[in-house]
Amino acid sequence: MIKFFRNIRRTLLNEGKTNKYIKYAIGEIVLVVIGILIALQINNWNENRKTTNKTQKYYHGILSELKVTANAIEDFQIYLDSTIQKNKKILQIINSKNQDSLLLLEHLLGEIALANGLPVNLSLPITDEFINQDLQSQIKNDSLRRSFWRFIYARKFINSVGKYSENQYATSIEPYYIKHINYSQIAITKYKKGLVKGGPNTDYKALGASLEFWNIASLKLESYTAEKEVLDNFISRINTLIKIIESELKQDSHD
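For the sequence shown, the positions run 4 to 258 when my numbering is used.
See below:
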């Protein structure tokens, strides 16, 4: 093909048709440039298609993880609501100053002894892989990109609150329980099975008059309430992200 075009140019020069030669040469250059541009366009299209396919695979995996996580958190929220009510009941019993009612604390104190309510380490390997590559920054859909970042920040906040709750247990709740409460008597059912019954009884009268215990129960209630608010926000972020990803996948399927 190159030899063919060279022969045409040589013939035009030999015949003295310089103007035609120049026009032909320019036309040939234009054709070459157009060919290069078309090749680049095809290459870009192929690369974009590969990127789109890769992103879609991530989206499907992320959707699956988010839906499982959302269901787990919603189940946990039911448990957390119950725990908050039990914590309030403890404070109400102490505040009533009714000696007979203090014995009811035995069935409630185990809730305060829980180290942490929030699921600090959420298992989202596909989502983490996507985020660790900073792929969320490359998302063209503004709503989806913002939703990813809000999800990331909400998740970090969950970890922060969860770690605070763990620290609260280690520094104030457990030390108090060790000194003043027979844990084998008040542990929640799933932990009580492996314990040995017996030991000195808890002095519930002293417990009811203890300002330290009142503050421990109050601060734990505050922690549980904060956890509930954080979870409500996080589940909202998850559901929004799910909705936008599903919309994005639907849009891509029509393109």
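Each residue gets a CB set at the ideal place from its N, CA and C atoms; glycine is no exception.
If you're wondering where the values come from, they're calculated on a predicted model, not measured in any experiment.
Checklist line | Alpha-carbon to alpha-carbon, A212 and H110 | finding: 18 Å
Item checked: Beta carbon of Y167 nearer than 7 Å to that of I219 -> In this structure, I219 does not lie closer than 7 Å to Y167 by Cβ.
Item checked: Segment limits, alpha helix (DSSP H) that includes E169 -> 145 to 171
Next item on the list: Report the option in L127, K91, N56, Y186 whose CA atom is closest to the CA atom of V71.
Entry: L127
Note to self: When you compare the CB positions of L83 and K231, do they come within less than 7 Å of one another, or not?
What the structure shows: yes
Notebook entry, point to check: Quick one: what does DSSP say A220 is sitting in, helix, strand or coil?
Noted result: Three-state DSSP puts A220 in a helix.
Margin query: Assuming the contact rule is C-beta atoms closer than 8 Å, L69 and I191 should be a hit. Round their C-beta distance to whole Å, please.
Written below: No, L69 and I191 are not in contact; Cβ-Cβ is about 30 Å, not under 8 Å.
Item checked: Own chain, CB closer than 7 Å to N185, minus 5 neighbours either side, in chain order -> G202, P203, N204, T205
Item checked: Cβ neighbour criterion (16 or more within 10 Å) applied to N49 -> Bear in mind that a pLDDT of 49 at N49, under 50, signals an unreliable position, so the number given afterwards is only what the model happens to contain. Classification for N49: exposed.
Notebook entry, point to check: Start and end of the alpha helix (DSSP H) containing G113?
Noted result: Looking at the DSSP string, the run of the alpha helix (DSSP H) that includes G113 is 112 to 115.
Next item on the list: Kindly list the residues whose CB is nearer than 7 Å to the CB of K200, restricted to its own chain and excluding five residues on each side of it in sequence; keep chain order.
Entry: Excluding positions up to five away in sequence, the list reads S187.
Checklist line | For S99, the three-state DSSP class (helix, strand or coil) | finding: helix
Check: Considering only C-alpha positions, which residue in the set N135, S226, H183 is nearest to N90?
Finding: S226
Notebook entry, point to check: Cα-Cα, which of Q88, L112, S150, L210 is closest to Q102?
Noted result: L210
Next item on the list: Keeping to the same chain, check which residues put their C-beta closer than 7 Å to that of I45; ignore five residues upstream and five downstream.
Entry: Low confidence applies here, because I45 scores a pLDDT of 48, under 50, leaving its location unreliable; read the following figure in that light. Cβ neighbours of I45 beyond the five flanking positions: none.
Item checked: Backbone CA spacing between A229 and E215 [nearest angstrom] -> 21 Å
Check: Between the segment 91 to 98 and the segment 56 to 67, are three or more C-beta pairs nearer than 8 Å?
Finding: no
Notebook entry, point to check: How far does the alpha helix (DSSP H) with P276 in it reach, from first residue to last?
Noted result: Limits of the chain in this structure are 4 at one end and 258 at the other, which puts residue 276 out of reach.
Notebook entry, point to check: Can you tell me whether L198 is buried or exposed, with buried defined as 16 or more other CB within 10 angstroms of its CB?
Noted result: exposed
Item checked: Cα-Cα separation between S239 and K208, rounded to whole angstroms -> 44 Å
Checklist line | Cβ shell of I251 (< 8 Å), same chain only, five flanking positions each side left out | finding: Sequence inspection shows Glu at residue 251; the Ile mentioned does not correspond to that position. The residues are Y62, N144, L147.
Notebook entry, point to check: How should S150 be labelled, buried or exposed, when 16 other C-beta atoms within 10 angstroms of its C-beta is the threshold for buried?
Noted result: buried
Next item on the list: Would you check if the distance between the CB atom of I115 and the CB atom of K182 is smaller than 7 Å?
Entry: No, the Cβ-Cβ distance between I115 and K182 is not below 7 Å.
Next item on the list: Compute the distance between the beta-carbons of I241 and A73, then report whether it is under 7 Å.
Entry: yes
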